[in-house]
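See structure below.
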Amino acid sequence: MAEIEAEAEIEADESDWLLKSESSSEGKLAETLQECRNRWRSIRIMYLTMFLSSIGFSIVMSSIWPFLLKVDKTADTSFLGWVIAAYSLGQMIASPLFGAWSNYRPRREPLIFSIFINVAANILYGYVHTFPAHNKYYMLLSRAFIGFGAGKTKLV
Numbered sequence: 002m003a004e005i006e007a008e009a010e011i012e013a014d015e016s017d018w019l020l021k022s023e024s025s026s027e028g029k030l031a032e033t034l035q036e037c038r039n040r041w042r043s044i045r046i047m048y049l050t051m052f053l054s055s056i057g058f059s060i061v062m063s064s065i066w067p068f069l070l071k072v073d074k075t076a077d078t079s080f081l082g083w084v085i086a087a088y089s090l091g092q093m094i095a096s097p098l099f100g101a102w103s104n105y106r107p108r109r110e111p112l113i114f115s116i117f118i119n120v121a122a123n124i125l126y127g128y129v130h131t132f133p134a135h136n137k138y139y140m141l142l143s144r145a146f147i148g149f150g151a152g153k154t155k156l157v
């Protein structure tokens, strides 16, 4: 009989841990309804940001080679490799920087900054064909900055 009561007490303790706050007050919720809504709103915004970033990456990745040939007829497959690698190099540099920044400041700051970098770099990428010379290098630079802006993925 004592074993059954002990098991029931353990099960009750395991199911009530969500209802207890850090001060272990009995019967209080860990978060209010407004806090729960704000948390889920933030999660949805983060997922939307990551979804748009992933879509942008996959659409652009499939069109880099034709666009590079349109931008500069002298570009070869070796330079295409550098353009593709520039994204990853930019992301590799930015991820620890944004991570360190978010450790000391609110996480919103590096996220907003990286989104602005990403938007500006994508605009540069879109208009890379309008420069009078060295277009393939502007394309390389824009892909590196797009990768730098994508360094936010580690914050999510």
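Counted from 1, the sequence shown has number 28 at position 27 by the numbering used here; the numbering is strictly sequential.
Built from N, CA and C at the ideal position, the CB exists for glycine as well.
For clarity, every value in this text was computed on a predicted model and none was experimentally measured.
Exercise. ALA145 lies in the alpha helix (DSSP H); which residues open and close that run?
Worked result: 136-150
Exercise. With DSSP run on the structure shown, which of helix, strand or coil describes TYR105?
Worked result: helix
Exercise. Quick one, are the C-beta atoms of PHE68 and LYS137 less than 8 Å apart?
Worked result: Cβ distance not < 8 Å, so PHE68 and LYS137 don't count as in contact.
Exercise. Between SER96 and HIS135, what straight-line distance do the alpha-carbon atoms span, to the nearest angstrom?
Worked result: 29 Å
Exercise. Under the three-state reduction of DSSP, which class applies to PRO111: helix, strand or coil?
Worked result: helix
For this session: Confirm, please, whether the CB-CB distance from PHE99 to PRO107 is below 8 Å.
Result: With respect to the 8 Å criterion, PRO107 and PHE99 are not classified as neighbours on the basis of their beta carbons.
Exercise. For GLU32, does the three-state DSSP call read helix, strand or coil?
Worked result: coil
Exercise. Quick one: what does DSSP say THR75 is sitting in, helix, strand or coil?
Worked result: coil
Exercise. What is the DSSP secondary structure of TRP18, counted as helix, strand or coil?
Worked result: Legend: pLDDT at TRP18 = 48, less than 50; position of this residue unreliable, no value from coordinates given.
Exercise. Which class does TYR128 belong to by DSSP, given the choice of helix, strand or coil?
Worked result: In this structure, TYR128 counts as coil in the three-state DSSP scheme.
Exercise. Would the beta-carbon of GLN92 fall within 8 Å of that of ALA151?
Worked result: Between GLN92 and ALA151, the C-beta gap is smaller than 8 Å, which places the two residues in contact.
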